[in-house]
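FYI, the numbering used here numbers position 68 of the sequence shown as 68, with every residue one higher than the one before it. Ideal Cβ placement from N, Cα and C applies to all residues, glycine included. Note that this is a predicted model, so its numbers are computed, not measured.
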Amino acid sequence: IVKIGCGGDFSMILNIKGVLHSFGFPEYGQLGLGDTGEYIERPGKVNYNCQRGPMPIKSFIEKGKDNHPNVVPGTDIVDFACGTNHTVAIDSQKRAFSWGFGAYG
């Protein structure tokens with residue numbers, strides 16, 4: 001484990017391999033696991049596919065023909081920060097990813 005972060009009712013753990021794990025209350029999608037409304041008792045690996053994992057900022061992806069975002073390869077997370085109900089992460093290619101409560105931008 002190289003970093004631990006906490007939000008309002010959830011936590012994130014970054015391991016040495018660049019894999020981000022999350023646990024806690026997923027009400028606003030802040031866990032990045034595609035779930036809301038249930039407590040997660042054990043850490044779960046954050047997936048980086050479609051809308052079930054962290055969503056890359058739109059300037060880093062293009063929407064596919066089916067209007068879904070394309071998977072961004074090479075997302076080795078190097079840093080992250082948790083807000084009350086959201087998380088922002090930076091990968092090894094300096095791309096920013098954000099997920100969770102986004103009502104204010």
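Asked                                                                                  : Found
C-beta atoms of residue 76 and residue 32 nearer than 8 Å                              : no
Selection from 16, 9, 14 and 15 that minimises the alpha carbon distance to residue 30 : 9
Three-way DSSP call (helix, strand, coil) for residue 8 in this model                  : coil
Residues sharing a beta bridge with residue 20, DSSP                                   : 14
Length of the line joining the Cα atoms of residue 80 and residue 68                   : 25 Å
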